[in-house]
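Participant:
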Amino acid sequence: LIGLGLTGAALAVLLAHSLFKAALFLVTGIVDKSTGTRDISALRGLGRSLPLVATLGAVAALSMAGVPPMLGFVTKEAAFDLLISEGRWVALAVIAAASVLTVAYAAQWWFGAFATKDAATAGSSEAKRPYAAMVAGPLVLAALTIAIGLFPEGLGVAISDGVEQQVKLVLWPGFKPALALSAVV
């Protein structure tokens, strides 16, 4: 987006990315500290023993996957809409393909750590409860992802003012080609 001169949209996507990715890294650290591993093949059913951590991880993964009402959805929609309106079809195709892969690895990460994989391993991995201070960071980041996702207009105005380029961030973009593309992704 920066390379295409769409600095405002790039900044919005970067902010969303920083919120969800930081939360994902912190949640992964909590899982590692609580279980002694972050190897997905060794983890199972942590959603039962670490429900708050699983919820925070889900919020971050959903934002990364671009699911409403998360900020990741809002910024991805804005980028898709801008690329469509400017006829930047190659960039749109690349970003859409990358988004499909992002959805896939977000799901693999969350289900790999927090879901029960099969009947043979129906139990949960052993996990120690994390300290409250460890959960505070991802809790704040997940809350911001939801709050700004629900009310993104202020962020759009701040970015527009900062880069002197119009950035329209809205939770409900309406039935537009960008929304259809998001649904496909």
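The opening residue of the sequence shown carries number 60 in the working numbering; numbering runs sequentially from there.
Beta carbons: idealized from backbone N, C-alpha and C, even for Gly.
1) I'd like to check one pair, I218 with G62: are the Cβ atoms closer than 7 Å?
2) Out of curiosity, what's the CA-to-CA distance linking R97 and D91?
3) For P197 versus L115, is the C-beta distance shorter than 7 Å?
4) So what does DSSP say about R107, is it helix, strand or coil?
5) How many whole angstroms separate the CB atoms of L200 and G215, which I take to be in contact at a CB cut-off of 8 Å?
6) Return the chain-ordered list of same chain residues with a C-beta closer than 7 Å to the C-beta of A237, the five sequence neighbours on each side being excluded.
7) Could you check which residue in H76, L70, A195 has the C-alpha nearest to that of L121?
8) Rounding to the nearest angstrom, what Cα-Cα distance links T180 and A119 in this structure?
9) Roughly how many whole angstroms lie between the Cα atoms of V112 and G208?
10) In this structure, how does DSSP classify T175 when only helix, strand and coil are distinguished?
11) Tell me which same chain residues have a C-beta within less than 6 Å of the C-beta of L109, skipping the five on either side of it?
12) Since E136 is in the alpha helix (DSSP H), which residue starts that stretch and which ends it?
13) If I follow the unbroken alpha helix (DSSP H) through G213, where does it start and stop?
14) By the 10 Å Cβ neighbour count, where 16 or more other Cβ atoms means buried, how is S241 classified, buried or exposed?
15) Out of V126, T134, W231, point me to the one whose CA is closest to A166's CA.
Facilitator: The structure says:
1) no
2) 5 Å
3) yes
4) helix
5) Not confirmed; about 20 Å, so no contact.
6) E136, F139, D140, I143
7) H76
8) Because the pLDDT at T180 is just 49, under 50, the model does not fix this residue reliably, and the value given afterwards should be weighed accordingly. Answer to the nearest angstrom: the Cα atoms are 26 Å apart.
9) 20 Å
10) coil
11) A186
12) 130 to 144
13) 212 to 222
14) buried
15) V126
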